[in-house]
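Residue numbers (the working numbering): 223 to 409.
From the three backbone atoms N, C-alpha and C, an ideal C-beta is built for every residue, glycine too.
If you're wondering where the values come from, they're calculated on a predicted model, not measured in any experiment.
See structure below.
Written as structure tokens, this is what we have:
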């Protein structure tokens, strides 16, 4: 067509087309033109093939970076939304790690129990908000959550920082890691 005519008009007579090889297959070609017609030697062909593969790998890396950046932005956005939900949720929420140490206490829990998030971080919340006579019950529930029971519920007395008793209904949910191993509790 139009392109062939332009090539011939410009005096180019020989051509070599090199595939750009990506992980998904051949995506495009590099075109090399010459005024002479001659058979390329194997070293030249191997070199051009290597260049085509390198360019394909470059495109693959760029695409992977773009996807990774997109996923990271989406992850960040979801985490921000989750953080906002936890912050404005009217119910107390305590996030604990696999050793049942506090990772996070939302503002509603701070208000109900009288402890700031910073005061409970790294500690077992039971040491602060569960009266001694209720600790065995809470420990049994935690054991069920650790064992993978998806929704362990219970009502029990809790203590505020000022010593007042408050009755709370708890829904304890296990948190698992990528391999499905116990990683903590959302209470």
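Can you tell me whether residue i is buried or exposed? The criterion is at least 16 other CB atoms within 10 Å of its CB, across all chains shown.
{"i": "residue 239", "result": "exposed"}
{"i": "residue 367", "result": "buried"}
Could you spell out the range, first to last residue, of the beta strand (DSSP E) harbouring residue i?
{"i": "residue 273", "result": "Premise fails: residue 273 lies in the alpha helix (DSSP H), 264-310, not in any beta strand (DSSP E)."}
{"i": "residue 316", "result": "316-319"}
{"i": "residue 247", "result": "247-256"}
{"i": "residue 324", "result": "324-327"}
{"i": "residue 260", "result": "Residue 260 -> no beta strand (DSSP E), and no H or E assigned at all."}
Let's see if you can read the secondary structure: which residues bound the alpha helix (DSSP H) around residue i?
{"i": "residue 339", "result": "339-342"}
{"i": "residue 351", "result": "348-351"}
{"i": "residue 238", "result": "First-last for residue 238: 236-244, but that is the beta strand (DSSP E), not the alpha helix (DSSP H)."}
{"i": "residue 396", "result": "First-last for residue 396: 387-398, but that is the beta strand (DSSP E), not the alpha helix (DSSP H)."}
{"i": "residue 228", "result": "224-231"}
{"i": "residue 406", "result": "Where residue 406 is concerned, there is no enclosing alpha helix (DSSP H), although the beta strand (DSSP E) it sits in stretches over 404-408."}
{"i": "residue 367", "result": "357-368"}
If residue i sits next to residue j, beta carbons under 8 Å apart, how far is it from one beta carbon to the other, in whole angstroms?
{"i": "residue 281", "j": "residue 249", "result": "7 Å"}
{"i": "residue 335", "j": "residue 382", "result": "5 Å"}
Using a beta-carbon distance below 8 Å, is residue i in contact with chain D?
{"i": "residue 403", "result": "Looking for chain D here will not work: only one protein chain is present."}
* Asked: Does the count of Cβ pairs from the stretch 319-332 and the stretch 397-406 closer than 8 Å reach three?
  -> By the C-beta criterion, the stretch 319-332 is judged to be in contact with the stretch 397-406, since at least 3 inter-stretch pairs fall below 8 Å.
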